[in-house]
Amino acid sequence: MATTKNKIVKKSAPQVSSVKSVFQNYAPAPESSDHIQLKSQYDLFINGKFVKPLSKEYYDTINPATGKKIASVAKGNEKDIDAAVKSANKAFETWSKTAPKERAKYIYRIARMIQERAREFAVIETMNGGKSIRESRDIDVPLAANHFFYYAGWADKLEYAFPNRNPKPIGVAGQIIPWNFPLLMAAWKIAPALATGNTVVLKPAETTPLTALKLAEIIQESGLPDGVVNIVTGFGDCGAALVNHPQVNKIAFTGSTPVGKYIQKAIAGTSKKVTLELGGKAANIIFDDAPIDQAVEGIVNGIFFNQGHVCCAGSRLFIQENVAEKVIKKLKERMKTLIVGDPMDKNTDIGAINSQAQLDKINHYIKLGQKEGAEIFQPECSIPSHGFFCKPTLFIGTSQSHRIVQEEIFGPVLTIQTFRTIEEVIEKANNIPYGLSAGVWTDKGSKIFNLTSKLRVGVVWANTYNKFDPTSPFGGYKESGFGREGGVHGLLPYVKF
Ligand code: NAP
Ligand code: MG
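Shown next, in the form of structure tokens:
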């Protein structure tokens, strides 16, 4: 493997620019960028090779913490998607017949290579997406490797996952992912598809292509047969072309509810299988018997983790009336200690908002909340003058009819409501178009079980929040989509019987 590794580095050497140059205004460089190399231009990964887009068009990918360009990225179109799907379709002939234990070896290898390059992945993820380096390093990258390890383990045990049902792969999986967990979402999608013997065409989000392309380099080095995984960067039309391609047999989409609805319409009447992981607006519920200090940490983690760019973020806080004043006071104090700023700094809690467009959307909702009459609280923290940043924000005194309560903001903005009885909070928590996740904080196990059975959501965290593991299924109800990813459930969308 060492020789292939050297070969790759050598091959890309002429167009390499150091991460340091991008961060030259940052002193001292908080996370050392030694040995991390970025190309100035990235091509599409089709049939095991990096190829130029047929249109020859490229677009700029930027660092949201500086607003500056990092590299040029290929803008794939319908024709590139066609080439990628054809390569995946051809590769399926052999990959689907490859012995499961052989398939597992490749997936294990990819997992190990992600671990070996963990620092590189973490730095690139933070540069391209804006999330804090602590999060990229401690959560996203290790979890991505763990997803590959976990599904590698299933590859030769599918008969145990589906006893007496003789599971078979489906064919070409078209996978479309968002910008909030770029590497992790790629892992969630690719690992189970490979373990079950399918081949893949993945379309990363327009603003965050770089870690998916780094993964492509690893996949190439791992020796995975050509065409088994193809990665085509581009815009929404590129995703639409993938959805509409007749040789794609399964669509796995994570993204917004409007695009999810569009996809459902586009494939109506076809035999394509589909899973949709869409938006959310989760209730985080604090009862008066909860350990309050822990709950405050859970509230902060629930909404400010990853700048609130989290589909399952605890964005609607419900506090039992008799402890509301105490919880809000402690929450405000805690928010004053949060550090907003340079995502590459290990002390940063809230990094950069992913794009100007997303910052505009969040600011629009912050204005709207004030217009709707809710009381706003933002700590007096400083935020960088360049790049895209947003202060952690609370809205107190909100009600069910407020748009800031009903609509997904996808930023560090929390709405607060109070409640008296358990029936009331269940009713309010469920009275929303989404149904992805929820949190409950209480000392009583019986209350937890009562809520887990009555909340119409895919995931309920009890006395914790935003915890992820490859072994547990994740997915939603209602407008949060359908199908599950993760765990043994995550194999089902990739097999037929
Ligand atoms: P998005 O606009 O729906 O985009 C998601 C992906 O779909 C991107 O790769 C996008 O490409 C592509 N796309 C856009 N238009 C398309 C079309 N017509 N056909 C096919 N693909 C198309 O969502 P986003 O703004 O990137 O991500 C934020 C949303 O994702 C939030 O609503 C969040 O809740 C949701 N999300 C859900 C989960 C979950 O597991 N439930 C997890 C993470 C995020 P471009 O980037 O080029 O537009
Ligand atoms: Mg989009």
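Position in the sequence shown (from 1) plus 189 gives the number in our numbering.
Built from N, CA and C at the ideal position, the CB exists for glycine as well.
Reference residue i; option with closest CA among the options
| i | options | result |
| --- | --- | --- |
| L644 | A311, A472, V418 and S590 | A472 |
| P581 | T396, I555, V594 and S635 | I555 |
| V463 | K450, I475, T604 and I474 | K450 |
| E514 | P532, F494, T607 and G530 | T607 |
| F239 | I565, I420, Y349 and F671 | I420 |
| E613 | G342, Q509 and N652 | Q509 |
| M524 | R505, K535, K346 and I488 | I488 |
| N619 | P331, Y248, V649 and Q230 | V649 |
| D269 | E246, I593, G562 and N652 | E246 |
| L467 | I303, N355, C501 and V437 | C501 |
| H553 | I598, E564 and T526 | I598 |
| N490 | T653, S661 and L680 | T653 |
| S626 | F310, G503, H498 and D329 | G503 |
| K286 | L347, G425, N387 and F584 | N387 |
| E291 | A273, V262 and W343 | W343 |
| F310 | A333, R298 and I296 | A333 |
| Y295 | I637, C570 and S411 | S411 |
| D477 | G444, V512, P601 and D271 | V512 |
| D329 | W368, P568, Q226 and T604 | W368 |
| I408 | I235, R592 and I621 | I235 |
Run of the beta strand (DSSP E) containing residue i, from where it starts to where it stops
| i | result |
| --- | --- |
| V485 | No beta strand (DSSP E) holds V485; the alpha helix (DSSP H) holding it covers I481 to F493. |
| K258 | K257 to A263 |
| Y247 | Y247 to N252 |
| G363 | V361 to I365 |
| I303 | From DSSP, I303 is part of no beta strand (DSSP E) but of the alpha helix (DSSP H) over P289 to E305. |
| L347 | Run containing L347: none in the beta strand (DSSP E); it sits in the alpha helix (DSSP H), L347 to A350. |
| L233 | L233 to I235 |
| L680 | First-last for L680: undefined, no H or E at that position. |
| V240 | K238 to V240 |
Between the CA atoms of residue j and residue i - distance to the nearest angstrom
| i | j | result |
| --- | --- | --- |
| Y623 | I440 | 21 Å |
| I322 | T537 | 8 Å |
| G676 | Y339 | 8 Å |
| V417 | R326 | 28 Å |
| P166 | H336 | This structure cannot settle anything about residue 166, because the visible part of the chain is limited to 190 through 686. |
| N232 | T631 | It is Asp, not Asn, that sits at residue 232 in the sequence shown. Roughly 51 Å separates the two Cα atoms. |
| F493 | G586 | 20 Å |
| D345 | V684 | 14 Å |
| V629 | A651 | 5 Å |
| V485 | E267 | 48 Å |
| P217 | M533 | In this predicted model, P217 has a pLDDT of only 40, less than 50, meaning its place in the structure is not dependable; the value taken from the coordinates is given anyway. Computed Cα separation, rounded: 11 Å. |
| I452 | Q436 | 16 Å |
| A384 | S661 | 17 Å |
| A277 | P414 | 10 Å |
| Q528 | S460 | One point to set straight first is that residue 528 is Ile, not Gln, in the sequence displayed. Roughly 49 Å separates the two Cα atoms. |
| P253 | E395 | 13 Å |
| Q595 | S544 | 23 Å |
| A273 | K357 | 22 Å |
| V390 | K378 | 10 Å |
| A263 | T422 | 6 Å |
| L227 | A341 | 29 Å |
Where the alpha helix (DSSP H) containing residue i begins and where it ends
| i | result |
| --- | --- |
| S642 | G634 to K643 |
| V389 | Premise fails: V389 lies in the beta strand (DSSP E), T388 to K392, not in any alpha helix (DSSP H). |
| D269 | E267 to W284 |
| W377 | P371 to A384 |
| F338 | V330 to W343 |
| R523 | E510 to K525 |
| V649 | That residue, V649, is in no alpha helix (DSSP H); its beta strand (DSSP E) goes V648 to A651. |
Environment of residue i [buried if 16+ CB atoms lie within 10 Å]
| i | result |
| --- | --- |
| G530 | buried |
| Y349 | exposed |
| I572 | exposed |
| H575 | exposed |
| K258 | exposed |
| P371 | buried |
| A288 | exposed |
| T446 | buried |
| G363 | buried |
| A380 | buried |
| I353 | The sequence given here has Asn at residue 353, not Ile. Result: exposed. |
| F686 | exposed |
| T283 | exposed |
| G360 | buried |
| Q559 | exposed |
| T400 | buried |
| V211 | For V211, the predicted structure reports a pLDDT of 36, less than 50, and the residue's modelled location is therefore unreliable. A value from the coordinates is still provided. It is buried - the Cβ of V211 has at least 16 other Cβ atoms within 10 Å. |
| N655 | buried |
| K320 | buried |
Residue-level contact to chain B via CB, residue i, 8 Å cutoff
| i | result |
| --- | --- |
| K268 | Among the protein chains of the structure shown there is no chain B, as only one such chain exists. |
Segments of 4+ residues assigned as alpha helix (DSSP H) that fall wholly inside the stretch 550-628: You should have 592-595 and 611-619.
Contained beta strand (DSSP E) runs [length at least 3] in the stretch 412-500, N- to C-terminal order: Taken in chain order, the complete beta strand (DSSP E) segments of 3 or more residues contained in the stretch 412-500 are 418-420, 439-443, 462-466 and 472-475.
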